[in-house]
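Student: First residue of the sequence shown: 8, per the working numbering; consecutive thereafter. Just so you know, even glycine gets a beta-carbon here, dropped at the ideal spot from N, CA and C. Predicted, not measured: the structure shown is a model, and the values here were computed from it. Dropping the structure in here first, questions after.
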Amino acid sequence: MRTSGEVALASATRTLNAALAQPGVDAMRVAEDFFGLSDLVREDARLRRGMTDPARSVDDKRTLSRGAVGSVVTATTATVLDDLVASHWSDPMDLHDACEVLGIIATMEDARRNDALETVGQELFAVADFLADYRDLRLELSDMGHGNRHERGDLAQSIFKDQLTKWTMRLVRRGVGRTSHGRLLSTLRRFAERAASMMNSVLVSVQAAAPMTDAQIERLRAVLTCKLGRDVTLTVSIDPALVGGFRFEVGNTALDSSIQTQLNDLRRALVGSR
C-alpha cells in the first residue's frame, strides 16, 4: 500500500473504532460489509476509479459511493466509507486493500467483545504453523492452487471448522481467498500480529526443540515483557530438528543486540533447567 493509502487507512481506522464503540453496533455485520466492499472495489474498476478520482469533489465521490452501496450497508459502514473516499489515493487498488483491513479489524473487534481475541491470535498462528509443515495443502489453499477463492475457502473450512472459533475461521477464509503469489503463511501471521496489536500486545513466536513447561513459558514472557516494554502474546511451536534449542521472532522486527543477548542467556538457562 502506498503512503497515501496508509494515511487514508489510518484515518478510516480511527473513524471505524469510534463507530464500533457506540452501543448497539453489530461489528460482524460491519466486517461483512467491508469484505463485500473489498470484493466490489477489486472487481469493478469503474467504481474504484470513481471513488478515488482526485478530480472529483469529496461530495461527488460520497454521492457515488452511497448510490452504489448505501442501501445495502449499515450506517456505521457508510460513515467510514465517507471517510475513505474523502482521502487521497495514489493507487486506486489501495482502496480495495483498505476495505479488507477494515473488515479484519471489525471481525477482531467482535472477537474482543466476546473475550476471544487472544484465542483468535493463537489460532491464526497455529493454522500458519500447521500449514508450514504441509506444503501441498498450503499451495492448494493459496492462489497457486486449483479452484477459485470460494472453493479454496470451502476447502479450508472443511479442514479447520471443528478446531477454530467462528472469527478465526472467517479470517482464514479471507486469507485463503485473498492470498497473492502463494504468501498464505505471511498473510495469516500478519493477521495474528494485528490481533496482538489490538490487545496492546506484541506477538512473539517461539520455536522450541521440545515442549516447554508452563514455568518456562511464563519466565520467557516476563523477560520479553520487560525488555520490549509491552505486554507479550506468546505462540509456541515445536520443531525437534531445531538447532540451539530455541528460536525467537518478534513480529517482523529484528531484536536489538541487548534483547538478543538477554534471550541467549535465557535460552541457556531454559535448556539447563530441562
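Following the continuous alpha helix (DSSP H) through residue 47, name the residue where it begins and the one where it ends.
Tutor: Per DSSP, residue 47 belongs to the alpha helix (DSSP H) from 34-50.
Student: What are the boundary residues of the beta strand (DSSP E) that residue 248 is part of?
Tutor: First-last for residue 248: undefined, no H or E at that position.
Student: Please identify the residue among 111, 233, 254 and 144 whose C-alpha is closest to the C-alpha of residue 200.
Tutor: Closest option to residue 200, Cα to Cα, is 111.
Student: Indicate, with yes or no, if the ligand ZN has a heavy atom lying under 7 Å from the CB of residue 48.
Tutor: The model on display carries no ligand, and the ligand ZN is accordingly not part of it.
Student: Taking C-beta to C-beta, are residue 178 and residue 198 nearer than 8 Å?
Tutor: Taking 8 Å as the Cβ cut-off, residue 178 and residue 198 qualify as a contacting pair.
Student: Quick check on residue 220: does DSSP put it in helix, strand or coil?
Tutor: Coil, per DSSP.
Student: Compute the Euclidean distance between the alpha carbons of residue 113 and residue 31, then round it to the nearest angstrom.
Tutor: Each residue's Cα considered, the two are about 14 Å apart.
Student: Count the other CB atoms within 10 Å of the CB of residue 175; is the residue buried (16 or more) or exposed (fewer)?
Tutor: It is buried - the Cβ of residue 175 has at least 16 other Cβ atoms within 10 Å.
Student: Sort 233, 15 and 189 by Cα distance to residue 209 and report the nearest one.
Tutor: Comparing Cα-Cα distances from residue 209 to each of 233, 15 and 189, the minimum goes to 233.
Student: Consult DSSP for residue 84 and reduce its assignment to one of helix, strand or coil.
Tutor: Looking at residue 84 - three-state DSSP - the assignment turns out to be helix.
Student: Can you tell me whether residue 214 is helix, strand or coil according to DSSP?
Tutor: In the structure shown, residue 214 sits in a strand (DSSP, three-state: E or B).
Student: In terms of residues, what are the limits of the alpha helix (DSSP H) holding residue 187?
Tutor: Premise fails: residue 187 is in no alpha helix (DSSP H) and is neither H nor E.
Student: Tell me residue 255's beta-bridge partners as DSSP assigns them.
Tutor: Its beta-bridge partners are 213.
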